[in-house]
Amino acid sequence: DERLNDIVGSAYYVAPEVLHRSYSTEADMWSVGVITYILLCGSRPFWARTESGIFRSVLRADPNFDDSPWASISPEAKDFVKRLLNKDYRKRMTAAQALSHPWLRDECCPVPLDMLVFKLVKAHLRSTPFKRAALKALSRAITEDELIYARAQYNLLQPSSQDGRICIENFR
């Protein structure tokens, strides 16, 4: 199995061994884990404002499986993602192991899509191109902690209408 040594790929999907400049096909399975994590919960497993910060997070941090919507995601799905995001590439699932995993083989109980994830995807699909571009720009400009803080502050204003608009009365 040939080992590669160039750092390639998008920061959010890069495997730890790629950053150590010695990797092979196991790095692709890491990326599958990152993509699956994002598809299941709607956020990235490793986050920072800069590329070097993302790399540090990939090397040192563990993905969060405690927050919403992970509570409503099946144990099999969590196991699948955790086994793909194992920082030790020798312990990470291979493609063959992933394909035979119970979660992919549908041997586990079906779990309905978390309504929060469904609503977020639906709202995103209905948003205007301008709003999507603004959200994309905003996602690159603030950290996840800043977003959580901004959301909490917004919720304190108690938007009065169904569309989430804030009126001057909300500031009184």
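Start counting the sequence shown at 963; every next residue gets the next number (my numbering).
Ideal Cβ placement from N, Cα and C applies to all residues, glycine included.
Quantities reported herein were computed from a predicted structural model and do not represent experimental measurements.
Residue i to residue j span [Cα, whole Å]
i     : j     : result
C1003 : R1022 : 21 Å
K1053 : C1129 : 54 Å
R1088 : R1113 : 20 Å
Y1111 : I1104 : 11 Å
R1018 : N1117 : 32 Å
V1079 : E979  : 31 Å
L1109 : Q1115 : 10 Å
K1049 : I1016 : 14 Å
P1063 : K1044 : With the sequence shown as reference, residue 1063 is identified as His, and Pro is not the correct amino acid for it. The straight-line gap from Cα to Cα measures roughly 12 Å.
A1099 : A989  : 28 Å
Those residues which DSSP pairs with residue i across a bridge
i    : result
Y999 : DSSP lists no partner for Y999.
Cut-off 8 Å between Cβ atoms - residues of its own chain near residue i, not counting five sequence neighbours on either side
i     : result
I997  : Y975
K1040 : F1027 and W1032
D968  : R983
Range of the contiguous alpha helix (DSSP H) that encloses residue i
i     : result
D1041 : P1037 to L1046
H982  : Careful: H982 lies outside any alpha helix (DSSP H) and carries neither H nor E.
Y1111 : E1106 to L1118
K1081 : M1077 to R1088
S1005 : Here S1005 belongs to no alpha helix (DSSP H), and DSSP marks it neither H nor E.
E964  : That residue, E964, is in no alpha helix (DSSP H); it is neither H nor E in DSSP.
A1095 : P1091 to A1103
V1020 : E1013 to R1022
A973  : Per DSSP, A973 belongs to no alpha helix (DSSP H) and is neither H nor E.
A1033 : Neither: A1033 is in no alpha helix (DSSP H) and is coded neither H nor E.
Sequence-distant residues of its chain with Cβ nearer than 6 Å to residue i (five each side left out)
i    : result
W992 : A977
Cβ-based neighbour list, residue i, same chain, cut-off 7 Å, excluding 5 preceding and 5 following
i     : result
P1007 : V996, Y999, P1025 and L1047
L966  : Y985 and S986
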